[in-house]
Structure formats: structure tokens, C-alpha cells
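**Q** Respectively, the protein sequence lines represent chains G and R. For what it's worth, our numbering labels the leading residue of the first sequence as 1, then goes sequentially. For what it's worth, our numbering labels the leading residue of the second sequence as 192, then goes sequentially. Before anything else, here's the structure in question.
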Amino acid sequence: MSAHEFHSALVPPQGIWWKPAHKQERTWIAIAFGWCLVLFTMMPLWHFKGGQNPAGIRYRVQPDAYVARVERFVADYQVGEESGIPIVAPPPGADVYLLGRMWQWYPALKLQKGVSYTLHLSAADVNHGFSLYPVNLNFQVVPGYDYGLRVVPNKSGDFRIICNEFCGIGHHLMVGKVLVEDGPVTPGGQP
Amino acid sequence: MSTALTALAGRYRTCDVTGLKVNRDSELLIRANAVVAVVAMLVGALAAVGLVLTRWQAIHLLPADMYYRFLTAHGLNMLIFWVIFFEMAILYFAGPVVLGCRQPAPKLAWGAFALMVVGAVMVDFMVFTGRADVLFTSYPPLRAEPNYYLGVILFAVGALIAVSLFFASLVVAKREKTYAGSMPLVTFGALTAAVIAVITLLHGAAVYIPTWLWSMNVGNIDPEVYRMVWWGLGHSSQQINVAAMVSVWYLLGGLTVGGVVVNEKVSRTAFVLYVLFISMASAHHLLVDPGFSPAWKIWNTSYAMYLAVLASMIHGFTVPAGIEMGQRLRGYTSGTFEWLRKAPWSDPGFSGLWLSLVIFGFLGGITGVTLGTEQINILAHNTLRVPGHFHATVVGGTTLAFMGVAYYVLPLIFRRRVAFWGMARIQPYVFGGGISAMAIGMILMGILGTPRRHWDSSFAGAPFPVEIHPASELVQVLFGIGGLLAATGALMFIAIAVVTVFFGKPVTAEAIAQRASGIPQGVLKLPNQVHAGPVAEQLDMEGVRGTVVLVAVFFVCFIVYYFTNWKMLSFLWKVG
Chain G
1 MSAHEFHSAL
11 VPPQGIWWKP
21 AHKQERTWIA
31 IAFGWCLVLF
41 TMMPLWHFKG
51 GQNPAGIRYR
61 VQPDAYVARV
71 ERFVADYQVG
81 EESGIPIVAP
91 PPGADVYLLG
101 RMWQWYPALK
111 LQKGVSYTLH
121 LSAADVNHGF
131 SLYPVNLNFQ
141 VVPGYDYGLR
151 VVPNKSGDFR
161 IICNEFCGIG
171 HHLMVGKVLV
181 EDGPVTPGGQ
191 P
Chain R
192 MSTALTALAG
202 RYRTCDVTGL
212 KVNRDSELLI
222 RANAVVAVVA
232 MLVGALAAVG
242 LVLTRWQAIH
252 LLPADMYYRF
262 LTAHGLNMLI
272 FWVIFFEMAI
282 LYFAGPVVLG
292 CRQPAPKLAW
302 GAFALMVVGA
312 VMVDFMVFTG
322 RADVLFTSYP
332 PLRAEPNYYL
342 GVILFAVGAL
352 IAVSLFFASL
362 VVAKREKTYA
372 GSMPLVTFGA
382 LTAAVIAVIT
392 LLHGAAVYIP
402 TWLWSMNVGN
412 IDPEVYRMVW
422 WGLGHSSQQI
432 NVAAMVSVWY
442 LLGGLTVGGV
452 VVNEKVSRTA
462 FVLYVLFISM
472 ASAHHLLVDP
482 GFSPAWKIWN
492 TSYAMYLAVL
502 ASMIHGFTVP
512 AGIEMGQRLR
522 GYTSGTFEWL
532 RKAPWSDPGF
542 SGLWLSLVIF
552 GFLGGITGVT
562 LGTEQINILA
572 HNTLRVPGHF
582 HATVVGGTTL
592 AFMGVAYYVL
602 PLIFRRRVAF
612 WGMARIQPYV
622 FGGGISAMAI
632 GMILMGILGT
642 PRRHWDSSFA
652 GAPFPVEIHP
662 ASELVQVLFG
672 IGGLLAATGA
682 LMFIAIAVVT
692 VFFGKPVTAE
702 AIAQRASGIP
712 QGVLKLPNQV
722 HAGPVAEQLD
732 MEGVRGTVVL
742 VAVFFVCFIV
752 YYFTNWKMLS
762 FLWKVG
């Protein structure tokens, strides 16, 4: 097979086909490989330089034990109630425990802007999806696993937590609430 | 002995168009698998209409339980039954037919086919009777009835046997010397798809057998381990599609415009990169999961160091380059883009190929790599951006490529003239345009925070009212119209395929001579498959400048979309 013979992908190549590629092809492959390295480097780089990483603290936890921990958290810091769900205002820097269960995010949270919290996520029954709306911050919530994420709310307002992992027929009803206030948090259900 | 040989010889025919030696067993297996694939597509497409009309909030057609049931059925029939049955047809073609050998163990092949059909029917029965409302992924502790998992297992076993028979056909052809030289690129690509299929099906066995036992209260399933192993099946199965689709691109390039393999070494190496790295993609679904460390996520989500992405970017050059070179060899040499302007745009084989290539690359590929970035996934996990991405890859890419090749399978393997030829010529545009609009709509809805797999994204009846972004309604119209258009395109394809198979006029030498309708131009006159001489030498030196322009445009789009997403991410709450 000479250098200038071409055949389609249906034709069995004869002889040795391991031949140098055209310059255009070689250039594109080099550019593409360079781009792949950029794509790869961005991820570790963002761990060092960026503010949003899904690292967190990760533990196994028995669902019952996690539910008990959430109840203790609610008892410690409850400041009000809305639609039958307790509103909890933890102090700055606290560990915050949020529970996903069919079909409720428990409890509602009241946080302070610009303050760091460790937000723990786990589920009592099946998989759920934590999705802060409309911020669009999304994490998987898996029964048996505690995902502790250090978060710093950067805007005040009245946010929702919606569930974005299918969890049964009442999935669409699973809406929770996070209030973020500019100053130190106040008691009650409204910002 | 001589009678046995005569009988064996009687099982072959020589294709008048391609000159391929086609054995009767493989031909019937191709037909059977393709027909069942189209039936599965019909079930999936009808379900899709219900889904689009429900998620389009202004219509909100189905009740919640039916929505999730239809969603389960849509995923299984489209992502598994339609594509895998069709891929079995491709394997029976790329092995025994392309290599011109006999079908190894035809009875076993029919047994495999029967197992797959029984498994698929069982799964659909369980889903439609409400015994498996667990969606496509069936994440435990959500639980379906045992026969649902058993149906999936039977289907997978059947598929594994069929894949093994493809490997067997490679051995048979080599031993019986039915071809000289190396196997053609189409077969090589199909081989990589088959290897990935084995990896996928082993993951399937590792996850579905314990889950089946668990559904009968035997043993335990860890929800996070399940997610990891299940996605070893779920994502890798889509990588079978990628390898099969790229093979079909090369095949259609050759059949429609005499597209060539610009460099065998480059294309084959890219396929090998798929085999080595593409099955790591289970991690794409676990980037914001609690069970895995950042190092594990980064290494796996990037297929080592994006080496499978590199493979796709290589094919993204070599496929259009092969088409361009093929067209230039046919005389379309003027300017940068005469080869593209003068392409056979009314041949659904070619338009299917080209639209598939563009939709897969620009819409599916760019969004997929971006979604699969560890941190950017925080923005997108389980939002509608995810199905927006994979409808561009597996529907706009794989399915459209398979539709395109079906327009050649019908005349060449079923030996029927394609029915409703006028409709067939516009079908790829209707389907490709519709699915693109729908995918863009889903991606935009996802950017606005809309969850995937969700019956009511107005959240009526929830304990706290949810204010929906006003732009969302507008984007839903794009999604809804696109979805209905895509479903229309799918139903057009199904009508064409069914009527052709059962009532189509035969393809005869006379019909070809009279250029009768229903015969694609590549079948009327197969373009030259081999080129040599001074013209080829000259063109080889000139290269493919049109393709260079196209990949440059692609690269700019990629960079802009990718870094825009990092910028969007930087506006979020600090989290770590």
C-alpha cells in the first residue's frame, strides 16, 4: 500500500498500516491532548485556589443514629416553627444536621450570611438529592453516609431545598427551607 | 461432504451493491434484532410523548404515578432495549458479513436473541403493571419485585452470549481466511464496542444478581456501593454506544460519499483509548456523593487524564476528514467547503451521519465533559442539565446515526426499497432538530435549577411555596416543542421502518437501473471504496482544510462553554 492510497472503513487494509499521520492530524492531536491536560489540571487547582469543592467530611453512619443526632440538633437550637417543621438557628461555626426523608427536609434552617457552618447531609430511608434553590448547589444524600460540607452563605434571602433524586411518589412535595440573614440571626420564622 | 459444502455455499449470497458475501444466518439475525429494536423504540417513543407533555408544566398531562412509570419504561426501552438490540444487529453485520465468513453457532445466536426478548418483555411487563416503580437506576433501598431484576439479568446474559459470538466470528474469519490483511476499521470499531460491552455486562452481573437476591430478602445492599457498581453498567453501556456510533460514522461515510480512513493508525489508536479508559466513567455520577475522595473522583471522572475525551476529539477530526477527503477524491475540490455543500443532503444516510456527528460533538460532548468536571458537577448534579446532555449524545448522536445506517440496512440487508421516501429524506432533520431544541431546553432549565426526574417542578402542595424563575416558562416551550418534534421524527422513522420491512417493494437490478425511489444514492451507485494514483497523492498533500476550520470552531465553543461554567460556579456559596 503506497502512501497515497486511500480506502474506506469497509476495506481490509493490506500490509503495514502503521504510518505517520498527516501534519494537520498530528497538530490537532497535540492541541487536543494539551486541552485534556488543561481539563485535568483545573480540578486539583480548584481544590487549592477555588471556593467550591465537593470534598467535605465523609463518614458512615447508621440512619437511626443520624436521625437521633438531628433531633438533638433541633432541640438545641430551635427558634420557631413553620408548616409543622421546626426552624433551627445554629450559632456561627456550628455543625448543622439536615435530614432527608420521605418526603421532607428536616428541619428548616436559619443561617447568617458570611459565616461558616458544617452542613451535614444524610437520609433516613432512601437516596435523596439536596438542591439549594435557586442557588443551584447540588449534593447526593445517601442513607448510611454522613456528608459534612463546610458552607458559607454569600447572599441573604429565603431559599428552598428541593429534592432532586427520585425518592417515591411524593418526591415533588419534598421542599425544605433555608433563611439567610445579613446580621446575627433572630428568632421566628420570617427573615 | 460435497453435499454439505453445497448446502453451506447455498447459505451465502453476494451483495450486488457492496460485493460483500452475506450469509443467510447472520442476515436473519440482523433482521430480527433490528425489528425488535424498532419495536422497543416505539414503546419508548410513546412513553416520551407522555413525559414531554407532563414536564411541560402548562400541560402537565400524566398523574404522578404514571409519570414515574413512563419514565422508567422510557429509559429502559430507549437506553437499553432499542440501542442494544440494534447494536447486536451491528455486531452480526460487522463480524460475519463484513468479513464474509459463516455465522458461528447460529442456534446459540437465536437462543441469545430469545433470552434478550424474554428479558425485555419481562421487564416491560413488570414496569407497566406497577411492580417496578424504581426508575431506570433502581437505587436501593427503593425496591422492585424480583422478576424485574431477573428480566434484566436474562437480557444481559443473552447480550453477553451474542457478544461472544461476535468474537467467535473474528476467529472463524481469520482461521478460514475469508479476508486478507487486517480487519476493516468498521469491524475494529465494533470490536472495541464489544469489549466495552463485556466490561459493562460484568458490572451488570455484579450489581443485578445481588440486588435480585436482596429483593427476595437474601443479603444486604449498600446504597453507595450499588451506585458505584450500577454506574459501571449504566455509564459504560453508553460507552458501547459511543464506540458503536463512531464505527457507524466511519461505515456511513464510506457508503454515502466514499469517505476514507485518513490514517488507520490514528483511528485505531483512538478506539483503543476507548477500551482502556472509557469504562472509568461511573464516577461521573458520583462526583457529589459522600462515599468517595476527591482524588478518586478526579482520576476516574477524567478517564485517567481525559484520554477517552482525547479519543473522541480524534474521531471528531478523522471522521469529517475522511468524509472531506472522500468528497475531494470524487472531484469536489474547489474552495474550503465545496465538499460539504455538494454532499448528498437529501440522502437520509448522509444527513443522519452528519447531524449525528455535529449534535454529538457540539451539544453532547462539550456539555458532557463540562458536567463531568468534579466541581462543576455541584452546579448540575441531578438537574435537567444531565438528561439534556445525554439526549444530545445517545439520542441526537447514537440513535440518529443508527437511523441513518438503517436507511442502508433496509435496502442492503432486508432488500426492500425504503417506504415513504419523501418522508425519509426529511426525517433526520425533523428528529435531529427536535432533539437538539429539546436538549438545549433541558440544559437551560437545568441551569435555572430545575431537577431531573421530577413530576411537578411547580412544587404545588409542598410545605413551602417555591418561586419559579420567569424565564423557565419560556424555556419549557422550547423543550416541549423540541420534544414533540423529536417524538414525531422517531414515529416517522418507525413508520418508515415497519412499512418497509413488511410491505416494501424489493430492491432489484431493474429498480436500481431506473433509479427508483426508496433507494439511497449510495446504494444506487456505491462510491469508490479505494483510491490510488496521482490525484490521491496530490490530495493527500493538500490535506483537509475544511475539517481544520470545523474543529477550530468546535474547539472555541468548547473553551467558552467550559470556562463559563467555572465562572458560574465561582458565584456559588463557598463549599468544601
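Heads up, the beta-carbon is just placed ideally off N, CA and C, and yes, glycines get one too.
Assuming residue 456 of chain R is part of the alpha helix (DSSP H), what are its boundary residues?
**A** Counting along the chain, the alpha helix (DSSP H) containing residue 456 of chain R begins and ends at 455-468.
**Q** Do we get a CB-CB distance below 8 Å when we pair residue 81 of chain G with the residues of chain R?
**A** no
**Q** Answer with buried or exposed for residue 484 of chain R, where buried requires no fewer than 16 other C-beta atoms within 10 angstroms of its C-beta.
**A** exposed
**Q** Kindly list, in the order they appear in chain G, the residues whose Cβ is closer than 9 Å to that of residue 444 of chain R.
**A** 8, 9
**Q** Given that a residue counts as buried once 16 or more other Cβ atoms are within 10 Å of its Cβ, and exposed if not, what is residue 16 of chain G?
**A** When all chains shown are included, residue 16 of chain G counts as exposed.
**Q** Using a Cβ-Cβ distance cut-off of 8 Å, determine whether residue 450 of chain R contacts chain G.
**A** yes
**Q** Mind checking if residue 359 of chain R is an interface residue toward chain G, Cβ cutoff 8 Å exclusive?
**A** no
**Q** Assign residue 123 of chain G to one of three DSSP states: helix, strand, or coil.
**A** strand
**Q** Examine chain R for any beta-carbon lying closer than 8 Å to the beta-carbon of residue 109 of chain G, and answer yes or no.
**A** no
**Q** Taking 8 Å as the threshold, find out whether the segment 147-159 of chain G comes into contact with the segment 486-503 of chain R through three or more Cβ pairs.
**A** no
**Q** For my contact list, residue 85 of chain G and residue 132 of chain G are in at a C-beta cut-off of 8 Å; report their separation, rounded to the angstrom.
**A** That pair is no contact at about 17 Å.
**Q** Would you say residue 14 of chain G faces chain R, with C-beta separation under 8 Å as the test?
**A** Residue-level contact by beta carbon holds for residue 14 of chain G and chain R, with a gap shorter than 8 Å.
**Q** Report, in whole angstroms, the separation of the C-beta atoms of residue 606 of chain R and residue 698 of chain R, which I expect to be a contact under 8 Å.
**A** The pair is a contact, with the Cβ atoms about 5 Å apart (cut-off 8 Å).
**Q** At the 8 Å Cβ level, is residue 278 of chain R part of the contact set with chain G, yes or no?
**A** no
**Q** Under a three-way DSSP split, which group does residue 659 of chain R fall into?
**A** In the three-state reduction of the DSSP assignment, residue 659 of chain R falls in the coil class, being assigned neither a helical nor a strand state.
**Q** According to DSSP, simplified to helix, strand and coil, what is residue 79 of chain G?
**A** Looking at residue 79 of chain G - three-state DSSP - the assignment turns out to be strand.
**Q** For residue 379 of chain R, count neighbouring C-beta atoms within 10 Å of its own C-beta (all shown protein chains included) and say buried if the count is 16 or more, exposed if not.
**A** buried
**Q** Can you check whether the CB of residue 436 of chain R is closer than 8 Å to the CB of residue 552 of chain R?
**A** no
**Q** Within 10 Å of its beta-carbon, does residue 52 of chain G have 16 or more other beta-carbons around it, so buried, or fewer, so exposed?
**A** buried
**Q** Assuming residue 677 of chain R and residue 633 of chain R form a contact by the criterion Cβ under 8 Å, report the distance between their Cβ atoms to the nearest whole angstrom.
**A** Not really, about 11 Å apart at Cβ, beyond 8 Å.
**Q** On a CA-only basis, which of G:174, G:156, G:144, G:163 is nearest residue 411 of chain R? Give me that one, please.
**A** G:144
**Q** Compare the Cα-Cα distances from residue 620 of chain R to each of R:578, R:540, R:557 and report the closest residue.
**A** R:540
**Q** Are the C-beta of residue 487 of chain R and some C-beta of chain G separated by less than 8 Å?
**A** no
**Q** Hey, out of R:646, R:736, R:726, R:600, whose CA is closest to residue 809 of chain R's CA?
**A** Residue 809 of chain R falls outside the range modelled here, since chain R spans only 192 to 767, and no answer is possible.
**Q** According to the neighbour-count rule (16 or more other Cβ atoms, all chains shown, within 10 Å of its Cβ), is residue 522 of chain R buried or exposed?
**A** exposed
**Q** How long is the line joining the alpha carbons of residue 493 of chain R and residue 669 of chain R, rounded to whole angstroms?
**A** Rounded to the nearest whole angstrom, the CA to CA distance from residue 493 of chain R to residue 669 of chain R is 32 Å.
**Q** With a CB to CB cut of under 6 Å and the five nearest residues on each side skipped, what residues in its chain are close to residue 438 of chain R?
**A** 377, 380, 381
**Q** With a threshold of 6 Å on Cβ separation, who are the neighbours of residue 106 of chain G within its own chain once the five nearest residues in sequence on each side are excluded?
**A** 99
**Q** For residue 608 of chain R versus residue 710 of chain R, is the C-beta spacing smaller than 8 Å?
**A** yes
**Q** Could you check if residue 49 of chain G is buried or exposed, using at least 16 other CB atoms within 10 Å of its CB as the buried criterion?
**A** Result: exposed.
**Q** Buried or exposed, going by whether 16 or more other CB atoms sit within 10 Å of the CB of residue 407 of chain R?
**A** Exposed, by the Cβ-count rule.
**Q** So with CB distances below 8 Å, who are the chain G contacts of residue 723 of chain R?
**A** 2, 4, 5, 6
**Q** Looking at residue 112 of chain G: is its Cβ nearer than 8 Å to the Cβ of residue 25 of chain G?
**A** no
**Q** Is the Cβ-Cβ distance between residue 685 of chain R and residue 232 of chain R less than 8 Å?
**A** Result yes, Cβ atoms of residue 685 of chain R and residue 232 of chain R sit closer than 8 Å.
**Q** Counting beta carbon pairs with one atom in the segment 467-481 of chain R and one in the segment 317-324 of chain R, are three or more of them shorter than 8 Å?
**A** no
**Q** Helix, strand or coil for residue 181 of chain R? Go by DSSP, reduced to three states.
**A** No answer is possible for residue 181 of chain R: the residues shown for chain R start at 192 and end at 767.
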